[in-house]
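One structure is given below, encoded as structure tokens.
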Amino acid sequence: MAIRLGDIAPDFTAVTTEGTVKFHDWIGDNWAVLFSHPKDFTPVCTTELGSLAGLKSEFDKRNVKVIGLSVDPVEDHQRWAADIKETQGNALNFPVIADSDRKVSDLYDMIHPNANDTLTVRSVFVIGPDKKVKLTLTYPASTGRNFAELLRVIDSLQLTAKYSVATPANWAQGEDVIIVPSVSNEDAKKKFPGGWRELKPYLRLVPQPR
Ligand code: BEZ
């Protein structure tokens, strides 16, 4: 069955480029991004893994651990890593799961047979420290993902977790945020003593909390 927002991310043990990982233990108290790519030694995937490696410090800043996956064996991941470093200028700096037996791909429904019956699609799962799934994304093999957008969503999720705020369309760091509807005006006065801008009773804007 498909994994839905709010579900506990299924736990697993898998072989990766950085040794065996027990997923929930590996996440620990951090946030995590689990993503799949269709195949090693392919062009779009090479750019994606290089791009993610270049953003490692941004994920670290947010306490987010990143782990990749494809159905290729670990020896292929290791040989391909040299190409990623050579062509993208960034060496792999996160583990990549070797899911040759498709155990994790099946657990997370990452193979969509009507798209391709053997390769994983470009899935993304953002998982919180509570091990619950906070975001899912599915891209086709032909479209490389926008990892700046992934960081933007993580910023929004972390603001929601910490401050009971939501973020409006196209929100960017530093812009006003929205007080979630479940917070009453009475509670909002305590949480946001500087006040808010009320465009409608259900649309209350405050400066981004820090
Ligand atoms: C790619 O990464 O370029 C790719 C992988 C699988 C199918 C199509 C494209």
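Going letter by letter, the sequence shown gives residues 0 to 209 in numbering that gives the first Met the number 0.
Where is the CB? At the ideal position from N, CA and C, for every residue including glycine.
Discussion item. Considering just the uninterrupted stretch of the beta strand (DSSP E) at V132, what are its terminal residues?
Written reply: V132 to Y138
Practice prompt. Using alpha carbons as the reference points, say which of W25, S56, V95 and L204 lies closest to P37.
Written response: Ranked by how close their Cα comes to the Cα of P37, the residues W25, S56, V95 and L204 have V95 in first place.
Worksheet item: When DSSP labels each residue in this structure, what does A8 get in the three-state scheme?
Response: coil
Discussion item. Please tell me whether, using a cut-off of 7 Å, the distance from the CB of L118 to the nearest non-hydrogen atom of the ligand BEZ is below it.
Written reply: At least one heavy atom of the ligand BEZ is nearer than 7 Å to the Cβ of L118, so yes.
Discussion item. Our contact map puts S99 next to V120 with C-beta atoms below 8 Å; I'd like the distance itself, whole angstroms only.
Written reply: Taking a contact as a CB-CB distance under 8 Å, the pair S99 and V120 does not count as one, their CB atoms being some 17 Å apart.
Item to complete: Report the option in E47, S56, S155 and G173 whose CA atom is closest to the CA atom of T86.
Response: E47
Worksheet item: Does the beta carbon of A13 fall short of 7 Å from some heavy atom of the ligand FMN?
Response: Annotation note on the ligand FMN: not contained in the displayed structure, which lists the ligand BEZ as its ligands.
Worksheet item: If you check the beta carbons only, do L106 and P9 fall under 8 Å apart?
Response: yes
Worksheet item: Which runs of the alpha helix (DSSP H) fall wholly inside the region 37-88 and span at least 4 residues, in chain order?
Response: 42-53, 55-60 and 73-87
Item to complete: Taking D6 and T45 to be in contact with their CB atoms under 8 Å, please state how far apart those CB atoms are, rounded to whole angstroms.
Response: In fact, because the Cβ distance is near 31 Å, the residues do not count as touching under 8 Å.
Practice prompt. Count the other C-beta atoms from every protein chain shown that fall within 10 angstroms of the C-beta of D186, then say buried if there are 16 or more, exposed otherwise.
Written response: exposed
Worksheet item: At which residues does the alpha helix (DSSP H) containing F146 begin and terminate?
Response: F146 to Y162
Worksheet item: Are V123 and R144 closer than 8 Å when you measure CB to CB?
Response: yes
Discussion item. Can you check which of these residues, H23, I110 and K21, is closest to A1 by C-alpha distance?
Written reply: I110
Worksheet item: Can you find a heavy atom of the ligand BEZ that lies under 7 Å from the Cβ of V73?
Response: no
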